[in-house]
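Scroll down for the structure; my scribbles are underneath it.
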Amino acid sequence: MVVKEMPLHENLSLENRHGNAHAVPASSNAPAATTTFSGMGRRYSVSLTTAVLLASFFVCTLLAVGFIVYNFATCGHLEAAPGENIICTSVHLRNSKHSKGASGGSKYDRDVRLPTSIQPLKYNITLEPEMSGNFSFAGSVQIRVRVLEDCYNITMHVEDLNITRNDVAVYRALPGGKDGWEENSLRIHKQYLVGAKQFFIIQLYDKLRRGTEYVVHIRYTGIIKDYLQGFYRSSYEVLNETRWLASTQFQATDARRAFPCFDEPALKANFTLHIARPRHLTSISNMPIIYSNNHESLANYVWDHFAESLPMSTYLVAFAITDFKHISSGNFSVWARADAIKSAEYALSVGPKILDFLQSFFGIPFPLPKIDMIALPEFQAGAMENWGLITFRETAMLYDKGVATASNKQHIASVVGHELAHQWFGNLVTPSWWSDIWLNEGFASYMEYLTANAVAPEWKLLDEFVVNEMQTVFQLDALTSTHKISQEVGNPQEIFELFDRISYAKGSTVIRMMSHFLTDTVFRRGLSKYLSEMAYKSATQDDLWRFLTDEAKTSGLLDSSTSVKAIMDTWTLQAGYPMVKISRHPNSDAVRLDQERFVYGNSSHANGHPLWWIPITFTTADELHFDNTRPTTWIPCTKTYELNNRNLSTAKWFIFNIQQTGFYRVNYDLDNWRAITQHLMDATQLDQIAPANRAQLIDDVMNLARGSYLSYDTALNLTRYLAYETNRVAWKAAITNFNFIDSMFINSGDYDLLKNYLLKLLSRVYNEVVDKDSQSDNENIPLLLKRFEILSMACHLGQQQCISDSTKQFQNWVQAPNPDTYNPINPNMRGIVYCAAIQYGTEHEWDFAFERYVKTNVPAEKELLLSALGCSKEPWLLYRYLRRSIAGQHIRKQDVFRVFAAVSTTVVGQQIAFDYLRNNWQEINTYMGSQISNIHTLLKFASKRMNSKFQLAELEDFVRDARWAYDRPLQQILEQVDINVEWMNRNYNSIVKWLQREAGTQPT
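Just so we're aligned, residue 1 is where the sequence shown starts under full-length UniProt numbering, counting upward by one.
Dropping the structure here:
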């Protein structure tokens, strides 16, 4: 799955998650004789007589309600008490060893693994959705199971479904795979719903015998809601007519919202689907339709019957019911709105090429008979890898040449590659539990660079890996509240928290590191054997280590004393990453290497003193070998290591971590930093250092200063060389790091010093990108992206030519006779032009842009306009924009996060976004689907620039008053702001003094 930092949503209900109605206390006038009780921090009083009468009435009501519930209520109103022994007698849970996670809670609440007694084999699912009106659906599921341990209970997952007692049956399966029915039915003793765990439990009178197969048959109903999770609905407009569609998003724990199931990734089974749909619509699913027939009772409905799937996990089941059109190439099809289907041609052209590359890379054919890719107008994540039916946001699949940007084209190829890679890593072989989800997402994130390079090598996307993935996740992983790559999780909230940059970017980075130290040949052979041997099964990271170790030892890369597991466990089973300090020994050929965990804040807050197996590569000023990424040596999980190498000890300078293939930062003694800086300041020789290593030097030195491992004088001295730098990768690293300092300075009286210094550094590369003819370079994507990034920074810093050109181009658009059909602005510059025009414009420019957003049907253009609308300096416009985002008109739910992120990017908007969120978070939460992770995401945007004690106190007060669980995302938000405050206290004055010296002015 490609994540857009957009969490899943929980359904809104009049009941809380545990099925208990919220009590609303009533006030009363207390007479002299009272019985007093308290609750929720308030006290209430009633008379003694009234109390007795109420108690009697309460007891009678309980008895009556108990009788009604037991005999007539749906399972949605049943729940066992936490202490009641309703899980299978004498049967262990699949995994009861959970370290206490950031979400807290008791072990009972957190441990939501199913018992190991039952194994699902086949699902036969029937769905009849109503595609209008109340959007209800009726369903039935027959699950063939095998009993692995004698047991009285069948425990599965159910959420948000209505099940009545008479619609549940369990019977023995007949020989030959046939299902029995009444003659083999078992007597059901009780049925329970454990709301906190989302368990549905059938307790039987008769013991289920080990080795025997049974069939569980359940009929149920539900609602197709609009919360973008489970089986959900969305819509789009055609000539003012609303067109409804229904689709699915089940990862990680939402298949249970569409059908009762054993909703854990290791519990693979075969699925057969039967979907009833209105005659004018079409249904698609993981497998092809084998036949269709008229509905037996609904004249305008048709049944679609799908082929049985290969063994797969519940979260990979998918289906969609739409009026979309499709185009095909062989067994590859793309689906979209009729007026957007032409925009799917690029995805169709690149998809089969990527599939061919992956089949060759893994050495395993794609096992399904077809692949469908569908672009959905409303979709929470970027895309989802459902086996045989991949779902996308429209912006991740639809490309309109001449309208969309170069980055949009590159993004589509990358996302298609990511999701197709999942067809092997994730679908063919699936993690046994969510703690190893990084095996899915890390590999897919790494492979998207290889697949894009295979189909478009001219993009040079592999060169960008270090700045797009490694250097961005370095920042998150430098917090003490980060987590391990392979992290134990229990409940759905903890599972959701794992879909973050650690699993994706850090996961892909350590995989890239592994491919370099194993060599590409050994790495690929090990992967192929792993996928072949584990096909249609579930696996852990230890399984992968075993296959890679065998291949490495066969090839002579590893001796008998070590293994891939010994090396890689240090990277996946402990949080954070190392900094390696390199220092020369005086009068010796030895160079000393010391490792310690890199953190931004107080290192005493980090857990323990972790050590890593670290692959070491290096080159010197004399050698300049920047191509060999095979480790020269290793730091073997020790704090200090001495490297005897005369070439190092006598070199003018040396650089470690060639091409930044190792996931660690490097610090040097001051003499080496000065020598590197001196070399870079010579424009005739700076290219002797590889671009990836120039980006590494910038990112390392700036973050070493940010973490107080090095002075900002040393760091900023090195950045002076950027006045001669024109490489995009190096500049991307520089922009990222200066963006942080910019965000800390922008609300200060010394911001002009920073702004002037950065404009001076930009001068050469700015003139380079402006002088080139932007219209004639529309196919040179690296150049287009560099131009966009440099001009974006220049306009942000107030560069007059950039702002003047942008506002002039925007006015040309405003004055066009029909701006909805003619836009004279180069698509690749629109994001800059729109933002500058709105930032320096008035209500007129804002309203014009919003009207264009409403009227355009091009998804990429909608995203550009949404982001630009947050650039305004007018507080009332920003407040109005935030209010519109949750009003349910024009702006889709999936885009609420984009609106808040856009508003939060300016110094004016950041405080407005925080105030709006603080005052309206409950309304927002209700609109978005009552899952607190949505609020955490918005709070992350709104707090990013906070850097004063006052702002930290405001944030802490808000969090305390809201009474949220202190989970990991919230810890990270608070820690980041606390670090910002300390950074200002520690570094602001020294940076100002350096900038004053650089500007040739005296400190005031």
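The C-beta atom is built at its ideal place from N, Cα and C for all residues, glycine as well.
- In the DSSP assignment, residue 168 falls outside any alpha helix (DSSP H) and lies within the beta strand (DSSP E) extending over 168–172.
- Annotation: residue 674 to residue 435 spans about 44 angstroms, alpha carbon to alpha carbon.
- Excluding the 5 residues flanking it on each side, residue 950 has no same chain C-beta neighbour closer than 8 angstroms.
- A Cβ-Cβ contact shorter than 9 angstroms links residue 916 with residue 879.
- For residue 684, the three-state secondary structure derived from DSSP is coil.
- With contacts defined by Cβ atoms closer than 9 angstroms, residue 249 and residue 222 do not form a contacting pair.
- When secondary structure is reduced to three states using DSSP, residue 560 falls in the coil class, being assigned neither helix nor strand.
- Between residue 417 and residue 440, the beta carbon gap of about 14 angstroms keeps them out of contact (Cβ cut-off 8 angstroms).
- Boundaries of the alpha helix (DSSP H) around residue 942: 932–943.
- For residue 382, the closest C-alpha among the options 541, 824 and 859 is that of 859.
- Of the candidates 467, 366 and 393, the residue whose Cα lies closest to the Cα of residue 424 is 366.
- Beta-bridge pairing by DSSP links residue 233 to 246.
- Under the 10 Å beta carbon count, residue 360 is surrounded by fewer than 16 other beta carbons and is classified as exposed.
- Using a 10 angstroms sphere on the CB of residue 854, the tally of other CB atoms stays under 16, which defines it as exposed.
- In this structure, 202 is the residue among 168, 937 and 202 with its C-alpha nearest to the C-alpha of residue 153.
- By the Cβ rule, the region 267–277 counts as touching the region 121–139, because three or more pairs are nearer than 8 angstroms.
- By the C-beta density criterion, residue 356 is exposed, having fewer than 16 other C-beta atoms within 10 angstroms.
- Note that the C-beta distance between residue 566 and residue 526 is not below 9 angstroms.
- Under the Cβ criterion (8 angstroms, minimum of three pairs), the region 735–755 does not count as touching the region 361–380.
- Within 10 angstroms of the beta-carbon of residue 115 lie 16 or more other beta-carbons, which makes it buried.
- Between residue 576 and residue 610, the C-beta gap is smaller than 9 angstroms, which places the two residues in contact.
- Within the model, the alpha-carbon separation for residue 539 versus residue 505 is close to 21 angstroms.
- Boundaries of the alpha helix (DSSP H) around residue 984: 968–999.
- Here residue 703 is buried, its C-beta having at least 16 other C-beta atoms within 10 Å.
- Residue 976 is positioned such that its CB atom lies closer than 9 angstroms to that of residue 943.
- DSSP places residue 579 inside the beta strand (DSSP E), whose first and last residues are 578–584.
- Of the candidates 469, 411, 351 and 464, the residue whose Cα lies closest to the Cα of residue 421 is 351.
- Bridge partners of residue 208 according to DSSP: 151.
- Look at residue 802 here: in three-state DSSP terms it is helix.
- Residue pairing from DSSP places residue 322 in a beta bridge opposite 282.
- Within the model, the alpha-carbon separation for residue 706 versus residue 939 is close to 23 angstroms.
- Boundaries of the alpha helix (DSSP H) around residue 928: 907–928.
- In the DSSP assignment, no residue is bridged to residue 460.
- Here residue 886 has 924 and 927 as same chain residues with Cβ atoms under 6 angstroms from its own Cβ, once five neighbours each way along the sequence are excluded.
- Closest in C-alpha terms to residue 967, from the list 653, 498 and 396, comes 498.
- Residue pairing for residue 156: DSSP places it in a beta bridge opposite 200.
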